[in-house]
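Okay, structure first, notes after.
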Amino acid sequence: LISPNKEARENILHREADMLRPAPSSTLLLLVPSAESFRSVRDLYQQQGGPESGLGRYDDYTTQHTSEEADNVFRVFARTKHYTKKEACEMVEKAGLSCA
Numbered sequence: 377l378i379s380p381n382k383e384a385r386e387n388i389l390h391r392e393a394d395m396l397r398p399a400p401s402s403t404l405l406l407l408v409p410s411a412e413s414f415r416s417v418r419d420l421y422q423q424q425g426g427p428e429s430g431l432g433r434y435d436d437y438t439t440q441h442t443s444e445e446a447d448n449v450f451r452v453f454a455r456t457k458h459y460t461k462k463e464a465c466e467m468v469e470k471a472g473l474s475c476a
């Protein structure tokens, strides 16, 4: 579910949902990267002085890729899809599952 490709993410989740459907009491626990967390950490890193802060050099926090970030895809060693809570719930509900 962290692929930057939307179709791949949807296919993966639909397969997972189909595997759960035989047992109505099944639970799918998703742990996905948080878009809010990435932005918060990046902002803090930049406020502290970036590479000159003594925290280390993290190029992923020094460069923004506006077109990718519009879809909450951030570069964390590789292009990685991150989610807001609303976005994750919408994706889960579109697959026919409920979001708690």
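Under my numbering, the first residue of the sequence shown carries the number 377, and numbering increases by one thereafter.
In this text, a Cβ means the ideal position worked out from N, Cα and C, and glycines have one as well.
Asked: CB of Val-449 within 8 Å of CB of Lys-457, strictly; Found: yes
Asked: Whether Tyr-437 touches Val-408 by CB criterion (8 Å); Found: no
Asked: Simplified DSSP assignment, three categories, for Ala-393; Found: helix
Asked: C-alpha gap between Glu-444 and Asp-419, whole angstroms; Found: 17 Å
Asked: DSSP three-state assignment for Val-408, whether helix, strand or coil; Found: coil
Asked: Burial state of Tyr-459, where buried means 16 or more other Cβ atoms lie within 10 Å; Found: buried
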